[in-house]
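Visitor: Throughout the sequence shown, residue numbering follows the numbering used here, covering 10 to 286 in sequence.
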Amino acid sequence: MTKLVIWSESGGVGKTTTAINLGAALGRRGEKTLLVDLDPQPASLSAHAGYPDATTADSATITDVLSGDAALNEVVIEDEPFDLVPGHESLASLESTVRAEGISTAEFLLRSALDPVAEGYDHVVVDPPATLNLLVDNALIATGNVLIPMEMTRKGQQSISGVLDTVDALESQLRRAQPEFTLDVLGVLPNKVDGSSLNREVRDALEADTDGVEVLPVTVPDYNVLERAWDAQLDVFRYAEAYGLRPYQEALLDAYRELAATVSAQGSAERRPEVTD
Numbered sequence: 010m011t012k013l014v015i016w017s018e019s020g021g022v023g024k025t026t027t028a029i030n031l032g033a034a035l036g037r038r039g040e041k042t043l044l045v046d047l048d049p050q051p052a053s054l055s056a057h058a059g060y061p062d063a064t065t066a067d068s069a070t071i072t073d074v075l076s077g078d079a080a081l082n083e084v085v086i087e088d089e090p091f092d093l094v095p096g097h098e099s100l101a102s103l104e105s106t107v108r109a110e111g112i113s114t115a116e117f118l119l120r121s122a123l124d125p126v127a128e129g130y131d132h133v134v135v136d137p138p139a140t141l142n143l144l145v146d147n148a149l150i151a152t153g154n155v156l157i158p159m160e161m162t163r164k165g166q167q168s169i170s171g172v173l174d175t176v177d178a179l180e181s182q183l184r185r186a187q188p189e190f191t192l193d194v195l196g197v198l199p200n201k202v203d204g205s206s207l208n209r210e211v212r213d214a215l216e217a218d219t220d221g222v223e224v225l226p227v228t229v230p231d232y233n234v235l236e237r238a239w240d241a242q243l244d245v246f247r248y249a250e251a252y253g254l255r256p257y258q259e260a261l262l263d264a265y266r267e268l269a270a271t272v273s274a275q276g277s278a279e280r281r282p283e284v285t286d
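(1) Taking the CB atoms as reference points, tell me whether Phe91 and Thr42 lie closer together than 8 Å.
(2) Return yes when the Cβ of Val133 is within less than 8 Å of the Cβ of Leu123, no when it is not.
(3) How about Val202 and Val222: are their beta carbons less than 8 Å apart?
(4) So, Gly32 versus Leu44, is the Cβ gap smaller than 8 Å?
(5) Have a look at Ala238 and Thr140 and give me their C-alpha separation to the nearest angstrom.
(6) Under a Cβ-count criterion, where at least 16 other Cβ atoms within 10 Å of its own Cβ denotes burial, should Leu207 be classed as buried or exposed?
(7) Less than 8 Å between the beta carbons of Val245 and Val155, yes or no?
(8) Applying the 10 Å Cβ sphere with the 16-neighbour rule, what's the burial state of Tyr130?
(9) Figure out for me which residue from Tyr248, Val107, His97 and Pro138 has the closest Cα to the Cα of Thr65.
(10) If you pair each beta-carbon of the stretch 209–229 with each one of the stretch 154–169, do three or more pairs fall below 8 Å?
(11) Is DSSP giving Gly153 helix, strand or coil here?
(12) Mind checking who Ile15 pairs with in its DSSP beta bridge?
(13) From what residue to what residue does the alpha helix (DSSP H) around Pro125 run?
(14) What ranges does the beta strand (DSSP E) occupy inside the stretch 185–216, keeping only unbroken runs of at least 3 residues that lie completely in it?
(15) Any idea if Ser55 is buried or exposed, counting beta-carbon neighbours within 10 angstroms, 16 or more meaning buried?
(16) Can you tell me which of the three DSSP states His57 falls into?
(17) So, is Thr228 buried or exposed, given that buried needs 16 or more other C-beta atoms within 10 angstroms?
(18) For the alpha helix (DSSP H) that Leu93 lies in, which residues bound it at each end?
(19) By a C-beta neighbour count over all protein chains shown, 10 Å radius and 16 as the cutoff for buried, is Leu39 buried or exposed?
(20) Short of 7 Å in beta carbon distance, which residues of its chain neighbour Gly296, apart from the five on each side in sequence? Order them along the chain.
(21) Grab me the residues of Glu283's own chain with a C-beta within less than 8 Å of its C-beta, minus the 5 sequence neighbours each way, in chain order.
(22) Classify Tyr252: buried if its beta carbon has 16 or more other beta carbons within 10 angstroms, exposed otherwise.
(23) Using the DSSP secondary-structure output, state which residues sit across from Pro256 in a beta bridge.
(24) What does the alpha-carbon distance come out to for the pair Arg37 and Glu110?
(25) Quick test of your reading: Leu289 and Leu173, contact by CB under 8 Å. State the CB separation rounded to the nearest angstrom.
(26) If you follow the alpha helix (DSSP H) that Thr27 is part of, which residue opens it and which one closes it?
(27) Which first and last residues belong to the alpha helix (DSSP H) in which Asp73 is found?
(28) Can you list, in chain order, the residues of its chain whose CB lies under 8 Å from that of Ala270, leaving out five sequence neighbours each side?
(29) Determine, using beta carbons only, whether Leu179 and Asp146 come nearer to each other than 8 Å.
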């Protein structure tokens, strides 16, 4: 069973787009997949998946789950090709609330909530906000595994070191208390690739110097059909079925299928060491 967080500190790199389309591709492989939206913003994974109202609902929410007032299975939306734990606007105040209450295990809230239901899935994919905060810490600790989407630009190249430094720092912090804990980087995903010479130069530079982190052999092209799928509140596979794609745009579907195969294969070979909170 694979647990994975899609994360980058840089905004606009396609983090949420990667999460929903990876989830859809995994589900279409017949592998039961749960997506967890930890972003309090309205333009979130939940909205993209067709559940924008869930982010402002008065019923039990992911915030209630992390606060210990509800179980995770109470907020799961069962659907195809993946199940969804929707985000909620109240997540924005979660950190201040738990810090004020002096909860010493605040970074383990998602892990504690997720573990009882995770074994019912082949994959759990978490989409936190880009800004480094308690929600990101929870996502990284709960999964122990991060996929970093990145534009093949100079800005993207400069940002990757900050992401890797953050991952290393959090792992070091936790290992002081629990030496068996590891926080793995599944790889860097070349995203929004337009085939330019700059894209190729940046990729070559990353492959030569990423401190042992793999640049995945998957390329997600920069096609505006992804924006149209977002507007339609559909993953790209459902969008293709509903509206069709031009022949060259089929490369998007192939890319997400290849990414799903990579995640499935690498995830089955990796097991997160047990960590106690």
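We put the CB at the ideal spot given by N, CA and C, even for glycine.
Guide: Quick look at the numbers:
(1) yes
(2) yes
(3) no
(4) yes
(5) 25 Å
(6) exposed
(7) no
(8) buried
(9) His97
(10) yes
(11) coil
(12) Leu156
(13) Leu118 to Ala127
(14) 193–200
(15) buried
(16) helix
(17) buried
(18) Run containing Leu93: none in the alpha helix (DSSP H); it sits in the beta strand (DSSP E), Asp92 to Val94.
(19) Checking the displayed sequence, the identity of residue 39 turns out to be Gly instead of Leu. Result: exposed.
(20) The structure shown does not extend to residue 296, since the chain spans only 10 to 286, so no value can be given for it.
(21) Low confidence applies here, because Glu283 scores a pLDDT of 49, under 50, leaving its location unreliable; read the following figure in that light. Closer than 8 Å at the Cβ level, and outside the excluded window around Glu283, lie Glu189.
(22) exposed
(23) Answer is none; Pro256 lacks a bridge partner.
(24) 42 Å
(25) Because the chain spans 10 through 286 in this model, residue 289 falls outside it and cannot be assessed.
(26) Lys24 to Arg37
(27) Ile71 to Leu75
(28) Arg38
(29) yes
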